[in-house]
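So the sequence shown is residues 1 to 160, counted in UniProt numbering. Worksheet: the structure to be examined is printed underneath.
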Amino acid sequence: MELSESVQRGLQSLADPSAFDQSSYQALVDVSFRSLLSSHADPGVLDQPELKHVDQIRLKQSHTATTTFILEAVKQNADEPTISIGRCPPHINDASWRLQYHVKNDQIDKVNEPFYLIALNTENKGSSEDINFTCTVEQLQDLVGKLKDAAKSVEKASQM
Numbered sequence: 001m002e003l004s005e006s007v008q009r010g011l012q013s014l015a016d017p018s019a020f021d022q023s024s025y026q027a028l029v030d031v032s033f034r035s036l037l038s039s040h041a042d043p044g045v046l047d048q049p050e051l052k053h054v055d056q057i058r059l060k061q062s063h064t065a066t067t068t069f070i071l072e073a074v075k076q077n078a079d080e081p082t083i084s085i086g087r088c089p090p091h092i093n094d095a096s097w098r099l100q101y102h103v104k105n106d107q108i109d110k111v112n113e114p115f116y117l118i119a120l121n122t123e124n125k126g127s128s129e130d131i132n133f134t135c136t137v138e139q140l141q142d143l144v145g146k147l148k149d150a151a152k153s154v155e156k157a158s159q160m
């Protein structure tokens, strides 16, 4: 679905918690649908108590963007996956691990190689799933280092 820059900006302002809290966001979405479904134009459609604190210019831009988005979605016969702006990765609920040893294999008599069995319990949209994998000590150290780097990046980004 192609949306103009002004529509994208209007929709992005809806995600700004300093401009729209949860109740004003819900009120704007309700008003947008009502204005499209109404058989007559109501000049006071944006005069809702939940929308009084929102800057009027931003409110009108967001209302226009929302109604445009709704009309485009209907025109394209869009469903939820089509209009989704991104995917939500699974949330890790729990992690467990176990250290094991390869004592020997088919080709060599003795291997004596340690490896880790890692199990991640994840949840995505209410459904639970286990992700299991094995790795060597070096691979696990590399993974831990990358996770620490990611945690530092998130911490820095949250302080800006």
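Just so you know, even glycine gets a beta-carbon here, dropped at the ideal spot from N, CA and C.
The Cβ neighbour count for Ser18, taken over all protein chains shown within 10 Å, is under 16; the residue is labelled exposed.
Selection Ala151, Cys88, Leu99 and Glu80 evaluated against Thr134 yields Leu99 as nearest (Cα-Cα).
In this structure, the CA atom of Ile131 is about 28 Å from the CA atom of Ala157. Relative to Pro89, the option among Ser128, Lys75 and Leu59 whose CA is nearest is Ser128. DSSP places His91 within a strand segment (E or B) once states are collapsed to three.
C-alpha of Asn124 to C-alpha of Ala95: approximately 15 Å in a straight line.
Buried is the label assigned to Thr66, since at least 16 other Cβ atoms lie within 10 Å of its Cβ. Per DSSP, the continuous alpha helix (DSSP H) segment holding Ala65 begins and ends at Gln56 to Lys75. The C-alpha of Glu50 is placed about 6 Å away from the C-alpha of Ser23.
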